[in-house]
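Numbering (the numbering used here), first residue to last: 53 to 687. All remarks here apply to the structure that follows.
Take a look at the structure:
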């Protein structure tokens, strides 16, 4: 392990966030106990919680974390940074996780946006980062307007990738649980106590790695222990919790070393005389070696008593089942509604737009002619300025709804963009190749339905990325969803490989993929381009990677490859604007995009509130406002 002066542990707990959220006193217990463990391991430890502070804010965290990092980097490399959080959490999409701070309700930026913090840390130079979250990743309408913060400011430094461990109490869309106090034991967070049992070396069985006679608690052994133990312990309390560990350390993987017994001492030298009197049978041995005494290890924090309470928690179990049933109902409703919306499969102009579910006031394009189709007020031909023969052609299109919201859509040559407005907070948008069968559209709708309902699995996302790599998937939108997943892991190589897949298929790369780290942006005459680095082949680092060849096979680089759109496709990608790699030619574009952020509406995709109309038109580079269309109610 790195030396003590090169490691930082930040423990954060928010037990009283307000805004209608239940108090979580067990979060303070969790942060204090994790900080005690870290001090015992020699970390520089920062403990921040609202048990002894009036509030936990982004500004407080920025000052404390920056000070700790500077304390190390002023004289050494920062070898490892661990950030632990206990409290309320939320997720707005796969890879879009938020940790709730004190004033989240009155200020939408007062939450830690985990993916944005991970990206920002690349500018601070840690060699390893471990992110540990004992919080829900719940989909809930009360969190839908969260913007969150990367916490840290961007320094004037180059980005440097790091190894990333992630240990989260639950997966996207799931709930974590605090156990109420019993007797003298304080309220505690279940995930933290299971994690501490492993970190303190109390795990049994094969939950250790070995180095000679020493036993090691490593990234991988922690993951094995959480995978096998948390659900079992949660079941004792009548609830369901399945941890989501993602071990990523591959150089120094050790969190705890338990020394093995010292070697037996060498027997003493004996000089024999001519006569030797051997002991008689049954006598004591003539050389007696005392076995070395192995000192019992003392925990840094006492062990919590994890056992079944006297009364079964049937109500919590029933609530969990009801939550899952509600999500499944939302998925089915999404598939039914979006799947029944009419989508035209051909446009003589080479691309088009179909809108359903809401009245449309106007449709404006940045570099195309827009014309309505007679008798079909919800369908528009889009004739790109570059012509229908340009496979890399695109145009940003702004769809203004009757309620004033504006939905930006990047229209691509050879595709129909299908936009369906579900309600004030959600919509569906996917791109289907012209002439494609309805089956391809249904597959995209199912994936989007799972994402909207909080049921999208990691495996489904990986499968989409594999299909994209092999050229078997032509629903271009799905690459943006997969990019969110890889951004959440800070798997930059996979992001760059995905960007290369579009280049290999002679398609422009969706802007979101480049923003997350897929390349370096430049701007020429209002259009964005990306330099996409080649990705070298390497050995798979884990068993999971070995099963997915695209994660470790090589992909070529591309220079000055067209990027699809000047506007991020999905809401989550806006948070990557500040950390995206841009050369000086794209500086004006970035500033224009940042001016739109405060006008973002809720939802999975990008939606802009009416207040952002002028800023969005400037970002889209729309020079002439077209005459508004007569509002037409759509069935």
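Note that the Cβ used here is the ideal one computed from N, Cα and C, for glycine as well. Since this is a predicted model, take the numbers as computed values, not measurements.
A check of alpha carbon separations from residue 510 across 480, 223, 112 and 59 identifies 223 as the nearest.
Proximity of the stretch 448-455 to the stretch 381-399 falls short of the contact definition, fewer than three beta-carbon pairs being nearer than 8 Å.
Shown here, residue 185 sits in a strand according to DSSP, grouped into three states. Residue 135 has its alpha-carbon roughly 8 Å from the corresponding atom of residue 64. In the displayed model, residue 175 falls within a helix according to three-state DSSP. For residue 249 and residue 243, the gap between their C-alpha atoms comes out near 10 Å. The residue from 560, 565, 545 and 501 with its alpha-carbon nearest to that of residue 531 is 565. The beta carbon of residue 399 is closer than 8 Å to those of 433, 434, 468 and 486 in its chain, skipping five residues each way along the sequence. Here the stretch 179-193 does not lie against the stretch 253-265, with fewer than 3 beta-carbon pairs under 8 Å apart.
Classified as buried, residue 145 has 16 or more neighbouring CB atoms from the shown chains inside 10 Å of its CB. Here residue 252 really is in contact with residue 89; their C-beta atoms are around 7 Å apart, less than 8 Å. For residue 310, the uninterrupted beta strand (DSSP E) run begins and ends at 306-310, by DSSP. In the structure shown, the three-state DSSP call for residue 583 is strand. Two segments are said to touch when three or more pairs of C-beta atoms, one from each, lie closer than 8 Å; by this definition the stretch 625-635 does not touch the stretch 417-433. The stretch 423-432 makes no contact with the stretch 610-624: fewer than 3 CB pairs, one atom from each, lie closer than 8 Å. The beta carbon of residue 160 lies closer than 7 Å to those of 197, 198 and 199 in the same chain, with the five residues before and after it left out.
A contact is defined here as three or more CB-CB pairs under 8 Å, and the stretch 160-179 meets this definition with respect to the stretch 199-209.
Looking only at 437, 379, 397 and 536, the smallest Cα-Cα distance to residue 507 is reached by 379. About 15 Å separates the CB atoms of residue 76 and residue 293; that is not less than 8 Å, and the two are not in contact.
When 554, 505 and 72 are compared, the shortest CA-CA separation from residue 156 is found for 72. Per DSSP, residue 215 is one residue of the beta strand (DSSP E) stretching across 215-220. Assignment of residue 249 by DSSP, reduced to helix, strand and coil, places it in the helix class. Our two residues, residue 478 and residue 410, have alpha carbons roughly 12 Å apart in a direct line. Between residue 458 and residue 665, the gap from beta carbon to beta carbon is short of 8 Å.
Excluding five sequence positions before and after residue 233, the CB atoms of its chain that fall closer than 6 Å to its own CB belong to 239, given in chain order. Ranking 216, 274 and 74 by CA distance to the CA of residue 187 puts 74 first.
In the structure shown, the three-state DSSP call for residue 57 is helix.
In the three-state reduction of the DSSP assignment, residue 613 falls in the strand class, which pools E and B. For residue 261, the enclosing beta strand (DSSP E) begins and ends at 261-263.
Under the three-state reduction of DSSP, residue 109 is assigned to coil, being neither helix nor strand.
If one requires a minimum length of 4 residues, the alpha helix (DSSP H) runs lying completely within the stretch 440-508 are 490-505, in chain order. Boundaries cannot be given for residue 195, as no alpha helix (DSSP H) includes it and DSSP labels it neither H nor E. Sixteen is the threshold: when 16 or more other Cβ atoms of the shown chains lie within 10 Å of the Cβ of residue 67, as they do, the residue is buried. If you compare the alpha carbons of 574, 583 and 83 with that of residue 102, the shortest gap goes to 83. Counting along the chain, the unbroken beta strand (DSSP E) around residue 404 starts and ends at 404-408. In the three-state DSSP reduction, residue 240 falls in the strand class (E or B).
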